[in-house]
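J.:
Protein chains: 2
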Amino acid sequence: MTAINKEDIPKNFGLLVFPTFQALDAFGPMDILNMLSRDFPLNLSIIAQTLEPVSTKQRDPSLNPFGSNFGESVVPTHDFNNAPPLDVLIIPGGYGVRADDLDPLFDFVRRTYPSLKYLLTVCSGSWIAAQAGILDGKRATSNKNAWASTKKVGPNVKWVSHARWVVDGNIWTASGVSAGIDATLAFVEHVYGADQAKKLARELEYEWHQDPSWDPFAEMYNLPKEE
Amino acid sequence: MTAINKEDIPKNFGLLVFPTFQALDAFGPMDILNMLSRDFPLNLSIIAQTLEPVSTKQRDPSLNPFGSNFGESVVPTHDFNNAPPLDVLIIPGGYGVRADDLDPLFDFVRRTYPSLKYLLTVCSGSWIAAQAGILDGKRATSNKNAWASTKKVGPNVKWVSHARWVVDGNIWTASGVSAGIDATLAFVEHVYGADQAKKLARELEYEWHQDPSWDPFAEMYNLPKEE
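Heads up: the protein sequence lines correspond to chains R and V, in order.
FYI, the numbering for the first sequence is 1 to 227, going by full-length UniProt numbering.
FYI, the numbering for the second sequence is 1 to 227, going by full-length UniProt numbering.
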């Protein structure tokens, strides 16, 4: 039923959150895994710098020019000091990755990565992995809306410009926002089997893009083919 | 720029949450609206029976056979007694709609609907609207995985079996889970204009299904064409 050995099946997932994370970067993968947890014994830790609720709201007033009061807060279960051992860490992106006070978050990712079975980033979540230093020399992708910035953030990363998602070793990096849904379904297929992934896509009524090279958005943003 | 008169543009949104709501039902639409709130002055209230965080976790142990500890909690901003006036109410679905203690939630929807500009339901969120009595005689849809139950829950609703989403008057009902993303983009197109919706779909790197009759999932579940 599963694509890998039973003892290697990951059980303990972590979701990293930080102020002004992108909601769908996190909740696309989470919704898939929430449903998967009915069929496999899975645990989730939601990890942030403190246990205070973490909001998607803009921190930077210049990005909220109309003074909107719009966002959702999620409740962390652990902070960087008491997070349990993890098999899989999921890092969403969002405007918050541009903040200048993320060193504790980079430190957490840097010291957590060596014991992970898998790391999954969505959108500019790859900026966090890059700044933690763990993408150096690896193939990876990110959202297509800020490609020039992505390259600056990770000068030693082999960034792939045309990709829905990229797998290098145990690191899965998805392109922008909704690409996290496709990458997570592909991850489920890899780890828990194709039937499981197909069942989840059907239950989510989601037209799953199964080809990691499918990327009309790279073309929309006129990105040269490079990696 | 917008598709409707400026004074009719909705500003005040509400998201209804309840235990064991489906994460993506809520956060697909929310992510789109979070981004829209950079371009329009929008406010969000997250409304629940109490101000305690509300989790996606299974309430029903029989639906958690492996004892998983997996879910995310969001923080309500208002309860049913202090919610502010709303222009748009969004109701997600999820296993929680099957609970037998939802009368206060039905009451809230019933008394809130008359002053709304728009109601949007996703997936079995339409069960809540149906049980509040506000879908009677109206065309509506729901997820395709539990169609027989949908028909029982709303015997006086004109359920449309093959539809990504359905609009009847000011009520927008989306099919299962990810259909909420397509319906919300169509709603943004209707209210805020096609350019705005296209921009958001591109930024979300989401392949938007713009045809409300697109529904391969109704076929997967072998639903007869009916409404």
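Even for Gly, the Cβ is constructed at its ideal location relative to N, Cα and C.
(1) Can you name the start and end residues of the beta strand (DSSP E) that Val-153 (chain V) belongs to?
(2) Below 8 Å between beta carbons: does that hold for Ile-134 (chain V) and Arg-110 (chain V)?
(3) Using a Cβ cut-off of 8 Å (strictly closer), state whether Pro-10 (chain V) contacts chain R.
(4) Got a sec, what are the start and stop residues for the alpha helix (DSSP H) Leu-36 (chain R) sits in?
(5) Among the residues of its own chain, which have a CB less than 6 Å from the CB of Thr-121 (chain V), if the five just before and after it don't count?
(6) For the segment 185-198 of chain V and the segment 30-41 of chain R, state whether three or more C-beta atom pairs, one from each stretch, are separated by less than 8 Å.
(7) Under 8 Å by Cβ, that's how I've got Asp-182 (chain R) and Arg-164 (chain R) pegged, so tell me the actual separation to the nearest angstrom.
(8) I'd like the span of the alpha helix (DSSP H) that includes Val-188 (chain R), first residue to last.
(9) Contact check, Leu-223 (chain V) vs Lys-144 (chain V) under 8 Å by CB: the rounded distance?
(10) Under 8 Å, Cβ to Cβ, is there at least one residue of chain R near Ala-194 (chain V)?
(11) Hey, does Asp-31 (chain R) have any beta-carbon neighbour from chain V nearer than 8 Å?
(12) At a Cβ threshold of 8 Å, is Asn-143 (chain V) touching chain R?
(13) Can you find the residues in the same chain that come closer than 7 Å, C-beta to C-beta, to Gly-96 (chain R), ignoring five residues on each side of it along the sequence?
(14) What does Ala-174 (chain R) pair with, by DSSP beta-bridge criteria?
(15) Using a 10 Å radius around the Cβ and a threshold of 16 neighbouring Cβ atoms, would you call Asp-101 (chain V) buried or exposed?
(16) Let me know the secondary structure DSSP gives Trp-159 (chain V) once reduced to three states.
(17) Using CA atoms only, rank isn't needed, just tell me which of V:Leu-185, V:Lys-199, V:Ala-146 is closest to Phe-217 (chain V).
(18) Counting only Cβ pairs nearer than 8 Å, list the residues of chain R close to Val-177 (chain V).
(19) Let me check one thing: in DSSP terms, what residues is Asn-43 (chain V) bridge-paired to?
(20) Take Asn-12 (chain V) as the anchor and find which of R:Pro-85, R:Phe-70, R:Gly-176 has the nearest alpha-carbon.
(21) For Leu-89 (chain V) and Leu-116 (chain V), which I take to be in contact (beta-carbon distance under 8 Å), what is that distance rounded to the nearest angstrom?
(22) Is Ala-140 (chain R) closer than 8 Å to Val-153 (chain R) when the C-beta atoms are compared?
(23) Assuming residue 228 (chain V) contacts Phe-80 (chain V) (C-beta within less than 8 Å), just tell me the rounded distance between them.
(24) So, using beta-carbon positions, are Thr-148 (chain R) and Glu-72 (chain R) closer together than 8 Å?
(25) In three-state terms, what does DSSP make of Ala-83 (chain R)?
(26) Measure the Cβ-Cβ separation of Pro-104 (chain R) and Val-166 (chain R) and say whether it is below 8 Å.
(27) Using a Cβ cut-off of 9 Å, which residues of the segment 17-28 of chain R contact any Cβ in chain V, in chain order?
(28) 8 Å is my cut-off, CB to CB: does Pro-61 (chain R) come that close to chain V?
(29) Between the segment 110-134 of chain R and chain V, which residues of the former have a C-beta closer than 9 Å to a C-beta of the latter?
(30) Would you say Ile-46 (chain V) faces chain R, with C-beta separation under 8 Å as the test?
(31) From Met-1 (chain R) to Gln-196 (chain V), what does the alpha carbon distance come to, in whole angstroms?
(32) I want to verify the contact list: residues of chain R whose CB lies under 8 Å from the CB of Arg-38 (chain V), in sequence order.
(33) Distance check for Glu-226 (chain V) and Thr-77 (chain R), CA to CA, integer angstroms please.
(34) Verify whether the separation of the beta carbon atoms of Gly-125 (chain R) and Asp-25 (chain R) is less than 8 Å.
(35) Looking at chain R, which residues of the segment 80-101 of chain V have a Cβ within less than 8 Å of any of its Cβ atoms?
T.: Walking through what the data contain:
(1) Numbered from 1 along the second sequence, position 153 holds the residue referred to as residue 153 (chain V). Per DSSP, Val-153 (chain V) belongs to no beta strand (DSSP E); it is in the alpha helix (DSSP H), 147-153.
(2) Counted from its first residue, the second sequence places residue 134 (chain V) at position 134. Counted from its first residue, the second sequence places residue 110 (chain V) at position 110. In contact: Ile-134 (chain V) and Arg-110 (chain V) (Cβ atoms closer than 8 Å).
(3) Counting from one through the second sequence, the residue named residue 10 (chain V) turns up at place 10. So, not an interface residue.
(4) Here residue 36 (chain R) refers to the residue found at position 36 when the first sequence is read from its first residue. Leu-36 (chain R) -> alpha helix (DSSP H) spans 23-36.
(5) Sequence index remark: in the second sequence, residue 121 (chain V) carries index 121 (1-based). Around Thr-121 (chain V): Ile-91, Ala-129, Thr-173.
(6) no
(7) For the purposes of this step, residue 182 (chain R) is identified with residue 182 of the first sequence, where counting begins at 1. For the purposes of this step, residue 164 (chain R) is identified with residue 164 of the first sequence, where counting begins at 1. 5 Å between Cβ atoms; contact.
(8) The sequence position of residue 188 (chain R) within the first sequence is 188, counting from 1. Per DSSP, Val-188 (chain R) belongs to the alpha helix (DSSP H) from 179-192.
(9) Stepping through the second sequence from its first residue, residue 223 (chain V) is reached at position 223. Stepping through the second sequence from its first residue, residue 144 (chain V) is reached at position 144. The pair is a contact, with the Cβ atoms about 6 Å apart (cut-off 8 Å).
(10) Within the second sequence, numbered from 1, the residue matching residue 194 (chain V) stands at position 194. Chain R contact via Cβ: absent.
(11) Position 31 of the first sequence, counted from the first residue, corresponds to residue 31 (chain R). It does; some Cβ of chain V falls within 8 Å.
(12) Numbered from 1 along the second sequence, position 143 holds the residue referred to as residue 143 (chain V). Judged by the 8 Å Cβ criterion, Asn-143 (chain V) is in contact with chain R.
(13) Here residue 96 (chain R) refers to the residue found at position 96 of the first sequence. Closer than 7 Å at the Cβ level, and outside the excluded window around Gly-96 (chain R), lie Phe-18, Pro-19, Thr-20, Phe-21, Arg-59.
(14) Sequence index remark: in the first sequence, residue 174 (chain R) carries index 174 (1-based). R:Val-122, R:Trp-165.
(15) On the second sequence, residue 101 (chain V) is found 101 positions in, with the first residue counted as 1. Looking at its Cβ environment, which holds fewer than 16 other Cβ atoms inside 10 Å, Asp-101 (chain V) is exposed.
(16) On the second sequence, residue 159 (chain V) is found 159 positions in, with the first residue counted as 1. Strand, per DSSP.
(17) Numbered from its first residue, the second sequence carries residue 217 (chain V) at position 217. The residue with the shortest Cα to Cα distance from Phe-217 (chain V) is V:Ala-146.
(18) Stepping through the second sequence from its first residue, residue 177 (chain V) is reached at position 177. Within chain R, the residues near Val-177 (chain V) are Asp-31, Glu-203, Leu-204, Glu-205, Tyr-206.
(19) Residue mapping note: residue 43 (chain V) aligns to position 43 of the second sequence, counting from 1. Note: Asn-43 (chain V) sits in a beta bridge opposite R:Asn-69, V:Asn-12.
(20) Translated into positions along the second sequence, residue 12 (chain V) becomes position 12. Nearest C-alpha to Asn-12 (chain V): R:Phe-70.
(21) On the second sequence, position 89 is the one that residue 89 (chain V) refers to. On the second sequence, position 116 is the one that residue 116 (chain V) refers to. Contact holds; Cβ gap of about 6 Å.
(22) Numbered from its first residue, the first sequence carries residue 153 (chain R) at position 153. Numbered from its first residue, the first sequence carries residue 140 (chain R) at position 140. No, the Cβ-Cβ distance between Val-153 (chain R) and Ala-140 (chain R) is not below 8 Å.
(23) Outside the displayed range of chain V (1 to 227) lies residue 228 (chain V), so it cannot be described from this structure.
(24) As a first step, residue 148 (chain R) is located in the first sequence; it is residue number 148 there, counting from the start. As a first step, residue 72 (chain R) is located in the first sequence; it is residue number 72 there, counting from the start. Here residue 148 (chain R) turns out to be Ala, not Thr, going by the sequence shown. No.
(25) Translated into positions along the first sequence, residue 83 (chain R) becomes position 83. Coil, per DSSP.
(26) Here residue 104 (chain R) refers to the residue found at position 104 when the first sequence is read from its first residue. Here residue 166 (chain R) refers to the residue found at position 166 when the first sequence is read from its first residue. No, the pair does not count as a contact, with Cβ atoms beyond the cut-off.
(27) Gln-22, Ala-23, Leu-24, Asp-25, Ala-26, Phe-27, Gly-28
(28) Within the first sequence, numbered from 1, the residue matching residue 61 (chain R) stands at position 61. Output row for Pro-61 (chain R): interface = no.
(29) Cys-123
(30) The residue given as residue 46 (chain V) occupies position 46 in the second sequence. For Ile-46 (chain V), the answer is yes, since a Cβ of chain R falls inside 8 Å of its Cβ.
(31) Counting from 1 along the first sequence, the entry for residue 1 (chain R) is found at position 1. Counting from 1 along the second sequence, the entry for residue 196 (chain V) is found at position 196. Confidence at Met-1 (chain R) is low in this model, with a pLDDT of 45, below 50, so the placement of that residue is unreliable and no value is reported for it.
(32) As a first step, residue 38 (chain V) must be located in the second sequence, where it is residue number 38. Under the 8 Å cutoff, chain R gives Gln-58, Leu-63, Asn-64, Pro-65, Phe-66, Ser-68.
(33) For the purposes of this step, residue 77 (chain R) is identified with residue 77 of the first sequence, where counting begins at 1. For the purposes of this step, residue 226 (chain V) is identified with residue 226 of the second sequence, where counting begins at 1. The straight-line gap from Cα to Cα measures roughly 45 Å.
(34) Here residue 125 (chain R) corresponds to residue number 125 of the first sequence, with the count starting at 1. Here residue 25 (chain R) corresponds to residue number 25 of the first sequence, with the count starting at 1. Yes, Cβ-Cβ distance for Gly-125 (chain R) and Asp-25 (chain R) is below 8 Å.
(35) none
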